[in-house]
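Chemist: Chains as they are written, first to last, in the working numbering: chain B, 1 to 191; chain W, 192 to 287.
Cβ atoms here follow ideal geometry from the backbone N, Cα and C, with glycine treated the same way.
Structure representation (C-alpha cells):
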C-alpha cells in the first residue's frame with residue numbers, strides 16, 4: 001500500500017493508535033491538528049453552513065428533504081461494543097507509543113458530530129414539514145482517503161452503485177417512516 | 192419536477208447517487224455540486240455516455256462547501272434559475 005507521497009506505512013497485525021492517513025506524512029501534533037481540524041471543518045462546520053444557507057430554498061418546496069451522508073462507524077453504540085472497522089480491531093497493546101494502524105478516528109468522530117447536527121435540523125424543521133435523515137451508505141469502494149477503490153475492495157468494500165441506489169430510494173420517499181434517524185440499506189443504524 | 196442538489200456530486204457516492212437518480216424513471220433536475228466545474232462537466236459527460244436515455248437533466252453547480260462566497264453564489268444561482276430545492280444531499284466530505 002502506497003500513500004500519495006510515496007510512503008509505505010507499517011501495517012501491523014495488531015491494533016493501536018488508530019490514525020487518519022495525514023498523520024503518516026505529518027506525525028505528531030501537526031498531523032493530529034490537521035486531521036481533526038480538517039475533518040470537522042469539511043464534514044461538520046461546512047455542512048452546517050451549506051444547510052443553513054439553503055433552508056430558504058428548501059422551504060419553497062412542497063415536499064422537502066435534507067439528507068446527510070454519514071458513516072457506519074459513526075455509531076457510538078457500534079464502536080463502544082467493540083465493533084470497529086476491519087482496520088482497527090481489538091484492544092491496543094499496553095505502553096506508549098502505540099503501534100500505528102489506520103483507523104480514521106478523526107473522520108469517524110466528525111461523522112458522529114454530523115449525526116448530532118442532523119438531530120437538531122430534524123427538530124428545527126419538523127414544523128415546516130422538512131424530512132431530515134442521515135444516510136449511511138456502507139463501506140464502498142470509492143476514492144475516500146485517497147488510497148483507491150482497489151485497495152478498499154481488498155478490505156471488503158462493495159460497489160459504490162449500491163450506495164447510490166439506496167440514497168435514491170430515500171430521495172424517492174421509501175424511508176419516510178425513518179425521518180430523524182441514521183439509516184442504512186438494511187434498516188436503522190444505532191446511535 | 193423534483194430538484195435535487197448533491198454536494199460533492201462529481202465523484203464517489205455523490206456521483207453514484209446522481210447516476211441512480213438519472214437512471215430512475217422519475218424526472219429529476221439534478222444539480223451536481225462540485226468544487227471544480229470542469230470536473231463536474233467531465234462527470235456529466237461520463238454520465239451521458241453511461242446512460243444515454245433519461246427522464247432527468249443534470250447540470251454542474253460550482254460549490255466549495257468550505258468557501259462562504261462559493262456557497263452564497265451557488266444559492267443565488269439556484270434561486271434565480273430554479274427558485275427552490277426539493278432535496279438537499281449533503282454528501283461532500285473528506286477523509287485526510
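Measuring straight from C-alpha to C-alpha, what distance separates residue 179 of chain B and residue 122 of chain B?
Modeler: Spanning the two alpha carbons is a distance of roughly 8 Å.
Chemist: For the region 98 to 135 of chain B, which segments carrying the alpha helix (DSSP H) assignment without a break, of at least 4 residues, lie completely within its bounds, in sequence order?
Modeler: Fully enclosed alpha helix (DSSP H) runs of 4 or longer: 105 to 125.
Chemist: Taking only runs that begin and end inside the region 209 to 276 of chain W, name each unbroken alpha helix (DSSP H) of 4 or more residues, in chain order.
Modeler: The region 209 to 276 of chain W contains these whole alpha helix (DSSP H) runs: 228 to 241, 259 to 272.
Chemist: Ignoring anything shorter than 4 residues, give me the alpha helix (DSSP H) runs that lie fully in the region 16 to 58 of chain B, in order along the chain.
Modeler: The region 16 to 58 of chain B contains these whole alpha helix (DSSP H) runs: 22 to 25, 29 to 40, 47 to 58.
Chemist: Under 8 Å between C-beta atoms, does residue 285 of chain W make it to chain B?
Modeler: Judged by the 8 Å Cβ criterion, residue 285 of chain W is in contact with chain B.
Chemist: Counting only C-beta atoms, is residue 164 of chain B closer than 8 Å to chain W at any point?
Modeler: Judged by the 8 Å Cβ criterion, residue 164 of chain B is in contact with chain W.
Chemist: Could one say the Cβ of residue 217 of chain W lies closer than 8 Å to chain B's Cβ atoms, at least one of them?
Modeler: Output row for residue 217 of chain W: interface = yes.
Chemist: Considering just the uninterrupted stretch of the alpha helix (DSSP H) at residue 182 of chain B, what are its terminal residues?
Modeler: First-last for residue 182 of chain B: 182 to 184, but that is the beta strand (DSSP E), not the alpha helix (DSSP H).
Chemist: Can you pull the chain D residues whose beta carbon is under 7 Å from the beta carbon of residue 60 of chain B, in chain order?
Modeler: The structure shown contains no chain D; its protein chains are B and W.
Chemist: Thinking C-alpha only, which one of W:286, W:287, W:278, W:285 is nearest residue 209 of chain W?
Modeler: Ranking W:286, W:287, W:278, W:285 by Cα distance to residue 209 of chain W puts W:278 first.
Chemist: Leaving out five residues before and five after residue 206 of chain W in sequence, what residues of the same chain have Cβ atoms less than 7 Å from its Cβ?
Modeler: So the list reads 200, 234, once near-sequence residues are dropped.
Chemist: Alpha carbon to alpha carbon, what distance is there between residue 51 of chain B and residue 226 of chain W?
Modeler: C-alpha separation (whole angstroms): 17 Å.
Chemist: Can a CB atom of chain W be found closer than 8 Å to the CB of residue 43 of chain B?
Modeler: For residue 43 of chain B, the answer is yes, since a Cβ of chain W falls inside 8 Å of its Cβ.
Chemist: Looking at C-alpha atoms only, which residue of B:98, B:141, B:169 is the closest neighbour of residue 280 of chain W?
Modeler: Looking at the Cα atoms, B:169 is the closest of the given residues.
Chemist: Looking at the structure shown, is residue 168 of chain B part of a helix, part of a strand, or coil, going by DSSP?
Modeler: Correct three-state label for residue 168 of chain B: helix.
Chemist: Mind checking residue 182 of chain B: buried by the 16 CB within 10 Å criterion, or exposed?
Modeler: Buried, since its Cβ has 16 or more Cβ neighbours within 10 Å.
Chemist: Would you please verify whether the beta carbon of residue 65 of chain B is less than 8 Å from any beta carbon of chain W?
Modeler: Yes, residue 65 of chain B lies at the interface with chain W (some Cβ there is under 8 Å from its Cβ).
Chemist: Does the beta-carbon of residue 265 of chain W have 16 or more other beta-carbons within 10 angstroms, so that it is buried, or is it exposed?
Modeler: Classification for residue 265 of chain W: buried.
Chemist: Sorted by chain position, which residues of the same chain lie with C-beta nearer than 7 Å to residue 276 of chain W's C-beta, five sequence neighbours on each side aside?
Modeler: Taken in chain order, the residues that qualify are 194, 196, 269.
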